[in-house]
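J.:
And the structure:
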């Protein structure tokens, strides 16, 4: 085994251990149980070196944020024990609940690497509990925005910054514990990588790291050689922006260039919206990173893949909004953009690609007060169905593409809030028909037992299901229902904020994936 292969195993293992520490030390259910967090290692110039096996949406999205931190605080100015913090979408971040923590790693007196974590915090202020209001009109309604900050010196936290953070959240104990978990993870990485780089020597470590990136680049180049030099486009549309129901198109064009290189252009996507479905560029880079990993699945998930990518995001669009656009609901935009990328790729290699997945991760945030005056809050992420493919049917209840979050166990939810989880099952029949059917979404039902609550819901695919491929049927649609104790039902659109009262049953049914191949033909030559 080569030295670079050994280093890859060591660094990827460390990134996974960072992830494990986040999950073990975090307090908020969305992080601890839902795994809405991620960890990675970077080179001093901001190129990603190794990633944990967690959320592609957050992993790819960290790359621009680290670049933004380095513009404010170059690696040469960093000292042992420094800690940096940001959540600003206009400094490379994602949306405001995602706080990114960075710590430099030194060996032989120089910065040899950077350790970073990103975690979706339960609440960072704004007009709605959970900081994900589906009707926000600008970033100021979404919570506390932090440009890149030097948060720690010699390991010691800046008391002023900590005071501001805790004063701008509805869940200070959770934020405190989750931030401590992030610092513990990057501190562990700093200890282990520093020892490794010292043992190898700082120059040898840097040389091997460069070789790791080059190997990934070469693996992608080989995979791109199998794709014809051609161009393909695909378009999807969001079902409104949370303010109006007007469709919000997202168009992706792939062009395989000589070299080989891959150009991705989102020209033709909608202008930025009044509502919060706008996605900062970090999210679209994450989508592209997911596509590159699909094209070259055996390659290391590092910056070498990005060296062959040309990405164009029209300024002032839903995929590259101008300040102060609202961006909290960017997950559906990024997931549908990823669907468009995969669909365009399928047109370049039509018999190898899967049908579209549900294309959305439903985000539910609820907060309220029970009959005894106890306040509570939770955020949950629910998966849909995977698209069918040439090799097998789609999987049920899978967070495919850039998602990898987990649902919260019923026991955890019932301990946090005065609710009873009455159902958690497949949304049967929601997968599209086909020789290889699409996977089903999920059905989740929650009854509020006491008090009242406010709900923020962000979904998609309520009006049209995920398209099939090569004659496969479309997946079924999602639905959000609030059933009263008297049997009356209220149905909501894909973005909604509403009151929830004791006795009412909240029912979420997520969309299924598209089918692959005509239903009557059980065997298709792939």
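Residue numbers (our numbering): 2 to 527.
Note that CB positions come from ideal geometry on N, CA and C, so glycine has one too.
Please read these numbers as outputs of a predicted model, since none were measured by experiment.
#1: What are the boundary residues of the beta strand (DSSP E) that residue 99 is part of?
#2: Along the chain, which unbroken stretches of the beta strand (DSSP E) at least 3 residues long are found entirely within the region 128 to 171?
#3: Is the region 16 to 23 touching the region 110 to 122, taking contact as three or more C-beta pairs under 8 Å?
#4: Taking 8 Å as the limit between beta carbons, can you name the residues of its chain near residue 57, skipping five residues before and five after?
#5: Which residues bound the beta strand (DSSP E) around residue 250?
#6: So who's on the other strand from residue 289, going by DSSP bridges?
#7: Do residue 47 and residue 71 have their C-beta atoms closer together than 7 Å?
#8: Between residue 482 and residue 385, how many whole angstroms is the CB-CB distance? I'm expecting something under 8 Å.
#9: For residue 272, collect the residues of the same chain with a Cβ closer than 8 Å to its Cβ; drop the 5 residues on either side in sequence, then sort them by chain order.
#10: Measuring only the C-alpha atoms, how far is residue 527 from residue 391?
#11: State the start and end residues of the unbroken alpha helix (DSSP H) segment that holds residue 463.
#12: Quick check on the burial criterion: 16 or more other C-beta atoms within 10 angstroms. Buried or exposed for residue 200?
#13: Let's test the definition: count the other Cβ atoms within 10 Å of the Cβ of residue 419 and tell me whether it reaches 16, buried, or not, exposed.
#14: What does the Cβ neighbour count give for residue 34, buried or exposed, with the cut at 16 atoms within 10 Å?
#15: Suppose you measure from the CA of residue 76 to the CA of residue 112; what does that come to, to the nearest Å?
#16: List the whole-angstrom C-beta distance separating residue 108 from residue 44, where the pair is believed to meet the contact cut-off of C-beta under 8 Å.
#17: With residue 183 as the anchor, note down where its alpha helix (DSSP H) starts and where it stops.
#18: Would you check if the distance between the CB atom of residue 486 and the CB atom of residue 462 is smaller than 7 Å?
#19: Does residue 64 pass the burial test, meaning 16 or more other C-beta atoms within 10 Å, or should it be called exposed?
#20: Excluding the five sequence neighbours on either side, which residues of its own chain have a C-beta within less than 7 Å of the C-beta of residue 400, listed in chain order?
#21: Pop quiz: residue 255 and residue 337 are said to be a contact at Cβ under 8 Å. What is the actual Cβ separation, rounded to whole angstroms?
#22: Would residue 110 pass as an interface residue toward chain B - the criterion being a Cβ-Cβ separation below 7 Å?
#23: Suppose the cutoff is 7 Å on Cβ atoms and the five residues either side in sequence are ignored; what does the same chain contact list for residue 397 look like?
#24: Report yes if the CB atom of residue 370 is closer than 7 Å to the CB atom of residue 452, and no otherwise.
#25: Count the other C-beta atoms from every protein chain shown that fall within 10 angstroms of the C-beta of residue 160, then say buried if there are 16 or more, exposed otherwise.
#26: Which same chain residues, not among the five before or five after residue 147, have their C-beta less than 7 Å away from its C-beta?
#27: Can you grab the Cα-Cα spacing for the pair residue 425 / residue 477, in whole Å?
#28: Give, in chain order, every unbroken run of the alpha helix (DSSP H) that is at least 4 residues long and sits entirely within the region 285 to 365.
#29: For residue 388, collect the residues of the same chain with a Cβ closer than 6 Å to its Cβ; drop the 5 residues on either side in sequence, then sort them by chain order.
#30: Could you check the C-alpha separation between residue 315 and residue 267 for me, to the nearest Å?
#31: Whole angstroms are fine: how far does the CA of residue 73 sit from the CA of residue 360?
#32: Have a look at 474, 503 and 262 and flag the residue whose alpha-carbon is nearest the alpha-carbon of residue 226.
#33: Which residue marks the beginning of the alpha helix (DSSP H) containing residue 417, and which one marks its end?
#34: Determine the burial state of residue 445: buried for a count of at least 16 other Cβ atoms within 10 Å of its Cβ, exposed for fewer.
#35: Within 10 angstroms of its Cβ, does residue 509 collect 16 or more other Cβ (buried), or is it exposed?
T.: Result, derived from the coordinates:
#1: 99 to 108
#2: 150 to 154
#3: yes
#4: 287, 290, 291, 294, 402, 403, 404 and 405
#5: 249 to 258
#6: Partner(s): none; residue 289 has no beta bridge.
#7: yes
#8: So it is not a contact: roughly 17 Å between Cβ atoms.
#9: 317, 318 and 319
#10: Summary for residue 527: the model assigns pLDDT 39, below 50, so the residue's position carries little reliability; its value from the coordinates is reported in the next sentence. The straight-line gap from Cα to Cα measures roughly 6 Å.
#11: From DSSP, residue 463 is part of no alpha helix (DSSP H); its letter is neither H nor E.
#12: exposed
#13: buried
#14: buried
#15: 7 Å
#16: Actually they do not touch by this definition, with Cβ atoms about 13 Å apart.
#17: 173 to 201
#18: no
#19: buried
#20: 362, 384 and 406
#21: Not confirmed; about 16 Å, so no contact.
#22: Among the protein chains of the structure shown there is no chain B, as only one such chain exists.
#23: 386, 427, 440 and 441
#24: yes
#25: exposed
#26: 86, 87, 88 and 89
#27: 18 Å
#28: 331 to 349
#29: 355, 356, 357, 358, 395, 439, 514 and 515
#30: 7 Å
#31: 35 Å
#32: 262
#33: 411 to 417
#34: buried
#35: buried
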